[in-house]
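Using this note's numbering, the first residue of the sequence shown is number 548, and each one after it goes up by one. Backbone N, C-alpha and C define an ideal beta-carbon position, used for all residues, glycine too. Owing to the predicted nature of the structure, the values given are computational and were not obtained by experimental measurement. Take a look at the structure below.
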Amino acid sequence: MYDQIIDKNNPDSALKVTKGVENPISINQNYLKNVRKRQELTVDDYVKGILEGNRTILARAITLVESNLYKHQALAQQVIERCLPHSGGSVRLGITGVPGVGKSTTIESLGKMLTNQGHKVAVLAIDPSSERSGGSILGDKTRMELLASDPNAFIRPSPSAGSLGGVARKTREIIILCEAAGFDVVIIETVGVGQSEVLAHSMVDFFLLLQLANAGDELQGIKRGIMEMADAIAINKCEGKEKERGELAASNYRNALHLFPPTESGWKPKVFTCSAYENNGIDTIWKTVMEYVDMTKKTGYFYQNRNTQNLRILSESINQALRDNFYQSEIIKEKLELAKDDILDNKISAYIIAQRLIDEYFESLKTK
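So, in structure tokens, the structure goes:
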């Protein structure tokens, strides 16, 4: 029975107020417990979850890798080091092409075909970050609805964070985590044709270029350097009336590729048509990939290429660490701002200032 509150100033008053029920706490206590629990994951927890194929923990580990916070980076590096012995067992496939060529549709068709065959597929879709706001749409899960709901697939859209050409700097580390989680096919989708392809090419085993048959002069619409990197060119959206144009475009590309010097791997790039929308020719993509992998493993180029990529990572990591350390130096920050005014007033050359700052930076290291 609820207590009743009587007006003490007037005991004879007929007014009786029933005491109400106290408002419940606005925050669910179970939620708070879960949040605290989420924050208590150790390196062992991360590694165990990843090796068991726990997608939630894998996603959290990737978030650690992408974070710029020092404490997250320190933890992420420990996780990566522990996962490294369990990585390397996947086929790494890079897919690129101009916007609108059908990259997401092709990846979804290919991914569904592979998961139906028993493969586990991870898709790392590099999403372009806005130069103005720094934000990304991260919409690849929306574009690949069927694959996103597949229990044997994992899609991770990652912001490019302003890195060269749109390829996220952390992608290589994310590949290690995905491979340790049991994904035997890792697909990397790049932003579009440009410098991003050079970086993507340096982290994959096979590089597929998607093209359109109705994009005008095909051979003028793409850089020679991108064609030289491609291990295969697929003319997409070849359905209906576009089939004939697609075959003509494929023939033009084959003729053009004959003019290029032999590849280092000894592989002759292939050109074929496909339609991701109608799911035609998708099996040809995977058949071509496996032909390439089998051939390069027999010749030893497959492993040689991965070793070269690892050494490139070492060089790039050193360069990045030196750059970060240089610009974070308090001495450099202060003198760099002063130097900018002198350069803009044409009082001194930018080259001279650059050398002076470098000399002062290394001199400051000696005094530490």
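Residue of the options minimising C-alpha distance to residue i
i	options	result
Ile832	Phe819, Leu891, Glu789, Thr652	Phe819
Tyr800	Lys788, Glu775, Gly813, Thr810	Glu775
Lys882	Ile702, Gln902, Leu611	Gln902
Leu869	Leu912, Thr855, Leu661, Leu858	Leu912
Asp629	Val612, Val590, Val670, Leu804	Sequence inspection shows Arg at residue 629; the Asp mentioned does not correspond to that position. Taking only the C-alpha atoms, the option nearest Arg629 is Val590.
Ile878	Arg853, Thr835, Thr914	Thr914
Asn699	Ile673, Asn663, Glu720, Ile722	Asn663
Val751	Leu759, Thr737, Gln758, Leu757	Thr737
Arg639	Asp871, Lys790, Cys725	Cys725
Val733	Lys788, Ile673, Glu786, Glu692	Ile673
Met837	Arg859, Ser864, Trp814	Trp814
Asn615	Asp871, Met660, Glu884	Asp871
Ala779	Gly641, Gln625, Gln620, Glu825	Gly641
Glu884	Leu588, Ala803, Leu904, Gln624	Leu904
Leu661	Tyr617, Lys834, Gln625	Lys834
Span of the beta strand (DSSP E) around residue i
i	result
Ala777	Element bounds for Ala777: n/a, residue is neither H nor E.
Gly641	638–644
Close Cβ partners of residue i (< 7 Å) along its chain, the five nearest in sequence each way excluded
i	result
Ala823	Gly649, Thr652, Thr653, Ser656, Asn783, Ile829
Phe873	Ile879, Tyr908
Glu613	Ser705, Lys717
Ala897	Ile890
Ile604	Tyr593, Gly596, Ile597
Asn827	Cys821
Thr855	none
Leu622	Val590, Leu611
Asp906	none
Leu631	Ile723
Ser634	Ile723, Glu726, Ala727
Whole-Å CB distance - residue i paired with residue j, under 8 Å assumed
i	j	result
Ser876	Tyr839	Their Cβ separation, rounded to whole angstroms, is 46 Å, which puts Ser876 and Tyr839 out of contact at 8 Å.
Phe701	Ala669	5 Å
Leu671	Ile597	Wrong, their Cβ atoms sit about 15 Å apart, outside the cutoff.
Cys821	Ala796	Their Cβ separation, rounded to whole angstroms, is 12 Å, which puts Cys821 and Ala796 out of contact at 8 Å.
Ala760	Gly793	4 Å
Ile609	Arg690	About 19 Å separates the two Cβ atoms, so there is no contact after all.
Gly665	Leu694	So it is not a contact: roughly 15 Å between Cβ atoms.
Arg859	Ser749	6 Å
Glu863	Glu825	Glu863 to Glu825, Cβ: 41 Å. No contact.
Residues that residue i bridges to, as DSSP identifies them
i	result
Leu755	Ile642, Ala779
Lys817	Ala779
Ala700	Val668
Glu794	Looking at the DSSP assignment, Glu794 forms no beta bridge with any residue, so it has no partner.
Ser705	Ile673
Glu736	Ile642, Ala672
Asn827	Ser822
Boundaries (first-last residue) of the alpha helix (DSSP H) holding residue i
i	result
Ile900	897–913
Thr652	650–663
Glu884	877–891
Glu613	602–613
Lys595	590–598
Ala695	692–695
Ala727	718–727
Leu622	617–630
6 Å CB neighbourhood of residue i in its chain, flanking five on each side removed
i	result
Gly729	Gly600, Lys667
Thr843	Ser812, Phe849
Ser696	none
Proximal residues to residue i (C-beta, below 8 Å), its chain only, five neighbours per side dropped
i	result
Ala777	Phe754, Leu755, Leu756, Pro816
Ile773	Thr643, Val740, Glu744, Leu756
Ile627	Val612, Glu720, Ile723, Leu724
Lys790	Thr820
Ile900	Ala886, Asp889, Ile890
Gly636	Glu726, Asp731
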